[in-house]
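The block underneath contains the structure these notes are about, expressed in structure tokens.
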Amino acid sequence: MYEMKSMYANGFTRIVIFWQIASSLNRPTLEAVYSIVAVSSWAALISFHAVLFVDSGAHRRLADHVGSPLPVFSIGNLVVHGLPCVVAVYYPPKYLNIYSGIGAVLAQVTWGLAQTIGNKAGLFVLDEVYAPCPKKTWWSLWLVAIIVNLSYPFLGTTAK
Numbered sequence: 023m024y025e026m027k028s029m030y031a032n033g034f035t036r037i038v039i040f041w042q043i044a045s046s047l048n049r050p051t052l053e054a055v056y057s058i059v060a061v062s063s064w065a066a067l068i069s070f071h072a073v074l075f076v077d078s079g080a081h082r083r084l085a086d087h088v089g090s091p092l093p094v095f096s097i098g099n100l101v102v103h104g105l106p107c108v109v110a111v112y113y114p115p116k117y118l119n120i121y122s123g124i125g126a127v128l129a130q131v132t133w134g135l136a137q138t139i140g141n142k143a144g145l146f147v148l149d150e151v152y153a154p155c156p157k158k159t160w161w162s163l164w165l166v167a168i169i170v171n172l173s174y175p176f177l178g179t180t181a182k
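Residues are numbered in the numbering used here as their position in the sequence shown, beginning at 1, plus a constant of 22.
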């Protein structure tokens, strides 16, 4: 088994998966949470892979950071980030609206602040959670995540 690193202990997708399971088991009581999680799952998937457009070596550094061969990391990464999206498509939320997107942004930004307050690299620079990237790259990925969080409620599917 590979050594557990900060990404697995503190990564945002871990929180998304937890709340997806918790809210799925408690629907309709936690339907609002489920709609936020459905949005967040897509933002996590897309922003995590968008890094490859601006920093082609980022996933190699992440694989090295967790002590995993790149092919194993890539498969695990796709499963971990893709599975919540598949669940959200097959078991869509009853509703998606701008509040789902705003809730997703607030959840992700709150997590980002919690991870980076006091961080020597700066706010929202997640070098200590994932792997070092230029500050500009981190800000680009945050922008991608926010855009996905706010647009997915208008593009995603809901239960009929």
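Even glycine gets a Cβ: it sits at the ideal position worked out from N, Cα and C.
Query                                                                                                                                                                 : Result
Spatial neighbours of GLN137 within its chain, please: C-beta separation below 8 Å, excluding the five flanking residues on both sides.                               : ASN32, LEU148, GLU150, VAL151
Check this for me: beta carbons of ASP86 and THR159, under 8 Å apart or not?                                                                                          : no
May I ask you to report which of helix, strand or coil DSSP gives LEU172?                                                                                             : helix
Starting from TYR113, follow the alpha helix (DSSP H) in both directions and report where the run begins and ends.                                                    : First-last for TYR113: undefined, no H or E at that position.
Once the 5 residues before and after ALA126 are set aside, which same chain residues still bring their CB inside 7 Å of it?                                           : ILE58, VAL61, SER62, ALA65, ASN171
Helix, strand or coil for GLY178, going by three-state DSSP, please let me know.                                                                                      : coil
Among TRP161, PRO114, SER122, whose alpha-carbon lies nearest the alpha-carbon of THR179?                                                                             : PRO114
Taking DSSP as the reference, what is the three-state secondary structure of THR159?                                                                                  : helix
Can the beta-carbon of GLY144 be found less than 8 Å from the beta-carbon of LYS157?                                                                                  : yes
Return the chain-ordered list of same chain residues with a C-beta closer than 8 Å to the C-beta of ALA110, the five sequence neighbours on each side being excluded. : GLN42, VAL59, ALA60, SER63, TRP64, GLY178
I'd like the span of the alpha helix (DSSP H) that includes PHE40, first residue to last.                                                                             : 34-47
For TYR56 and LYS116, I'd like the C-alpha separation in whole angstroms.                                                                                             : 9 Å
Please report how far the alpha carbon of VAL38 lies from the alpha carbon of PHE146, in whole angstroms.                                                             : 18 Å
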